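Colleague: Those letters in the sequence shown? Residues -14 to 442, per this note's numbering, in order.
We put the beta carbon where it would ideally sit given N, CA and C, even for glycine.
Values in this document were obtained by computation on a predicted structure and should not be read as measured data.
Right, I'll just put the structure down here and ask away after.
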Amino acid sequence: MLSRRGFSMSALRKVLSPAFRLDSEWQKRHSDLKALNLGGDYEWIAAVQKKFVGGGRASAVDVDAAACLSEESDQLEDVLELVYKLRHTDNAADLLPSTEYATLRLLLKHGAENELFKVLNDPINYGIFPNYHSAGLLLDHFLRAENFPAAAKIATILMQQEMFDHEVLNLLALYALLKFTELPSEARSFDETIQKKTVVVDEDDINEEELRSMKFPFLKNPFFDGHFDLEETDALVGKALSWFNRELASRIGANGAQIDLLATALTSDLEAVGKAVAKASNVSPSVAATVKSVLEKAVGGIPEEGREENDQFKAIQTISTKLESSTSTSTPALSATVLEALKTVQQAGEEAIVKEQKTLFTDWNTARKARALMQAERVNLRLRIAEIKAEIAQHEARKEELFFFENRVRWEDKAAEQDKLFEEFNLNNKDETVTESEYAKEMFEKALEQKRKQATA
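The following block contains the structure:
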């Protein structure tokens, strides 16, 4: 469950306004869903679950209605199961954005941190991504709770999805990342809940009896894309800092050099860090402390014996000296500077996202109604087709009864004609010594001869 730490009124002012949540507007979905006559939330969830039983399937609008109707914590598991099952059908691409939004709000409402990050870290099996408004809600929630690792993880997801359209959200994400880097080094990591690590199994530990063989058309060679494949905390946070710094260059100004130094220290080699230190001036103590902790970690990887003569150690010493001379105790923490920039655009930025989300609420409701009507129409058409097929079968049976004697004479004539054909071609007395090709040739010649006789008659 999510941490419910106490927080002061000053912390409340550091995040988005209560109006940003759109709680009342989101509640209106229930009145819109009532018009679809789906019944109660539990009843509808059970009905959708039954559609998946026995190899069946539910539609995207079925799952969407289940997600949007759900409010209670005991419905979380059911909703996630429905989304998972839909994702594993050939209708996976039909997953509605309102389903993603509703699922994230439900998880957030009940503080289900484990399930939230399980879903966000597994887009292949769930296909759920935050939009701008839900991303703002997630950042706001974790910043209020002072859960900076979780907030920083959300910021890295925005970076990976390249969601940079709203400046206020970019600043909020950058603020979350900077607050995370200001944590003590031992707390500056994503735990197993926030970032699931890929475990490489040693071949010696594999029990071949437990392996399952699966056929694939081909196997891809291992490939690391340096973006979606990133898992290490420093690599994710460093790249996110770099990209948000780039997007906010005009707003951040001279402080961008410090952010670049921070990002470079987390992601690059010592040569790049040295160049970044040379460009930075009036470095804040918090940035200097983070960079020093990274350098100390690098020093720990150098053998103690002969360390003084090691080129890497010498480079670290040079960087540390330059960093010390560039640090200014009067420079405020970068997070405080970014927070001030956030305040200048917060009202207009929130209004833009809120307006966009209200439009989405209307669009989602309209699309849901249209899809539900189309689905009902398809069901009616299938029922009508079944009725027509049954009527046709009845008419065919009745026709056979009414025309029994006429049909009997016709089929008897055909049978007699076939018997005559067998007699003429001597089909009943096939020579077993004749090969199939010879027999076919003989039949072909007899047929041609029969055709000539009919033509000359």
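THR312 bridges to which residues according to DSSP?
Modeller: Partner(s): VAL268.
Colleague: Which of the three DSSP states, helix, strand or coil, is assigned to ILE113?
Modeller: Note: ILE113 maps to coil in three-state DSSP.
Colleague: What is the rounded straight-line gap between the Cα of LEU319 and the Cα of ASN240?
Modeller: Rounded to whole angstroms, LEU319 to ASN240 spans 8 Å at the Cα level.
Colleague: Quick one: does the C-beta of LEU89 sit closer than 8 Å to a heavy atom of the ligand GDP?
Modeller: Ligands are entirely absent from the displayed structure, and the ligand GDP is therefore not among its contents.
Colleague: Should LYS224 be labelled buried (16 or more other beta-carbon atoms within 10 Å of its own) or exposed?
Modeller: So LYS224 counts as buried.
Colleague: LEU233 and GLU152 - do their beta-carbons sit closer together than 9 Å?
Modeller: Against a cut-off of 9 Å, the Cβ pair of LEU233 and GLU152 comes out as a contact.
Colleague: Tell me whether LEU433 sits in a helix, a strand or coil according to DSSP, three-state version.
Modeller: Correct three-state label for LEU433: helix.
Colleague: Does the region 366 to 373 come close enough to the region 140 to 152 to have 3 or more Cβ pairs within less than 8 Å?
Modeller: The region 366 to 373 vs the region 140 to 152: no contact.
Colleague: Let me know if MET(-14) comes out buried or exposed under the rule of 16 or more other beta-carbons within 10 Å of its beta-carbon.
Modeller: Model confidence at MET(-14) stands at a pLDDT of 34, short of 50, so the residue's coordinates are unreliable; what they give is reported in the following sentence. Counting Cβ neighbours within 10 Å, MET(-14) comes out exposed, since fewer than 16 surround it.
Colleague: Determine, using beta carbons only, whether ARG90 and LEU71 come nearer to each other than 9 Å.
Modeller: Cβ atoms of ARG90 and LEU71: not closer than 9 Å.
Colleague: Within 10 angstroms of the Cβ of MET359, are there 16 or more other Cβ atoms? Answer buried if so, exposed if not.
Modeller: It is exposed - the Cβ of MET359 has fewer than 16 other Cβ atoms within 10 Å.
Colleague: Look up GLY96 in the DSSP assignment and say whether it is helix, strand or coil.
Modeller: Coil at GLY96, not helix or strand.
Colleague: Taking only the alpha-carbon atoms, compute the straight-line gap between ASN365 and HIS73 and give it to the nearest angstrom.
Modeller: C-alpha separation (whole angstroms): 27 Å.
Colleague: Excluding five sequence neighbours on each side, which residues of the same chain lie with their C-beta closer than 7 Å to the C-beta of ALA300?
Modeller: Closer than 7 Å at Cβ, skipping near neighbours: LEU255 and GLY259.
Colleague: In this structure, does DSSP put ASN76 in helix, strand or coil?
Modeller: Coil at ASN76, not helix or strand.
Colleague: Answer yes or no: do PHE102 and THR178 have a C-beta to C-beta separation smaller than 9 Å?
Modeller: Yes; because the gap between Cβ atoms is below 9 Å, this pair is in contact.
Colleague: Using a Cβ-Cβ cutoff of less than 7 Å, which residues in the same chain neighbour CYS53 once the five nearest sequence positions on both sides are dropped?
Modeller: Closer than 7 Å at the Cβ level, and outside the excluded window around CYS53, lie ARG14, LEU18, SER83 and ALA87.
Colleague: Less than 9 Å between the C-beta atoms of HIS118 and LEU7, yes or no?
Modeller: In contact: HIS118 and LEU7 (Cβ atoms closer than 9 Å).
Colleague: With 16 as the cutoff for other CB atoms within 10 Å, does LYS264 come out buried or exposed?
Modeller: With fewer than 16 other Cβ atoms within 10 Å, it is exposed.
Colleague: Give the straight-line distance between the Cα atoms of ASN155 and GLY40, rounded to the nearest whole angstrom.
Modeller: For ASN155 and GLY40, the distance between alpha carbons rounds to 44 Å.
Colleague: Helix or strand or just coil, what does DSSP make of THR218?
Modeller: THR218: helix per DSSP, three-state reduction.
Colleague: Taking Cβ to Cβ, would you say ASP26 is nearer than 9 Å to GLU66?
Modeller: Going by C-beta atoms, ASP26 is not nearer than 9 Å to GLU66.
Colleague: So the alpha helix (DSSP H) GLU372 belongs to, where does it begin and stop?
Modeller: Run containing GLU372: 319 to 387, per the alpha helix (DSSP H) assignment.
Colleague: Given 8 Å as the limit, is there contact between the region 267 to 284 and the region 161 to 180, that is, 3 or more CB pairs closer than that?
Modeller: The answer is yes - the region 161 to 180 touches the region 267 to 284, with three or more Cβ pairs under 8 Å.
Colleague: On a Cα-Cα basis, can you pick out the residue from GLU28, GLU386 and ALA375 that is closest to GLN60?
Modeller: If we check each option's Cα against that of GLN60, GLU28 comes out closest.
Colleague: Please list the segments of the alpha helix (DSSP H) lying wholly inside the region 9 to 95, counting only runs of 4 or more residues, in order along the chain.
Modeller: As far as the region 9 to 95 is concerned, its whole alpha helix (DSSP H) runs of at least 4 residues are 14 to 19, 26 to 36, 45 to 54, 61 to 72 and 82 to 94.
Colleague: Give me the residue from PRO288, LEU387, SER253 and GLU341 with the minimum Cα distance to PHE5.
Modeller: PHE5 has its Cα closest to that of GLU341, out of PRO288, LEU387, SER253 and GLU341.
Colleague: Can you name the start and end residues of the alpha helix (DSSP H) that SER235 belongs to?
Modeller: Counting along the chain, the alpha helix (DSSP H) containing SER235 begins and ends at 234 to 237.
Colleague: Check ASN206 in the structure and name its three-state DSSP category.
Modeller: It is coil, neither helix nor strand.
Colleague: Taking Cβ positions only, does LEU168 come closer than 9 Å to chain D?
Modeller: The chain labelled as chain D is not found in the depicted structure, where only one protein chain is given.
Colleague: Under a three-way DSSP split, which group does ASN132 fall into?
Modeller: Three-state DSSP puts ASN132 in coil, outside helix and strand.
Colleague: Alpha carbon to alpha carbon, how far is LEU1 from ALA140?
Modeller: LEU1 and ALA140: Cα-Cα distance of roughly 15 Å.
Colleague: Which residues in the same chain have their Cβ closer than 6 Å to the Cβ of LEU81, if we skip the five residues on either side of it in sequence?
Modeller: Contacts found: ALA45 and ASP49.
Colleague: DSSP on GLU150, reduced to helix/strand/coil?
Modeller: Reading off the sequence, residue 150 comes out as Asp, not Glu. Coil, per DSSP.
Colleague: Secondary structure at HIS212, three-state DSSP: helix, strand or coil?
Modeller: Looking at HIS212 - three-state DSSP - the assignment turns out to be coil, as it is neither helix nor strand.
Colleague: For the putative contact between TYR69 and ASN116, defined by C-beta atoms under 8 Å, what is the C-beta separation to the nearest angstrom?
Modeller: Their Cβ separation, rounded to whole angstroms, is 20 Å, which puts TYR69 and ASN116 out of contact at 8 Å.
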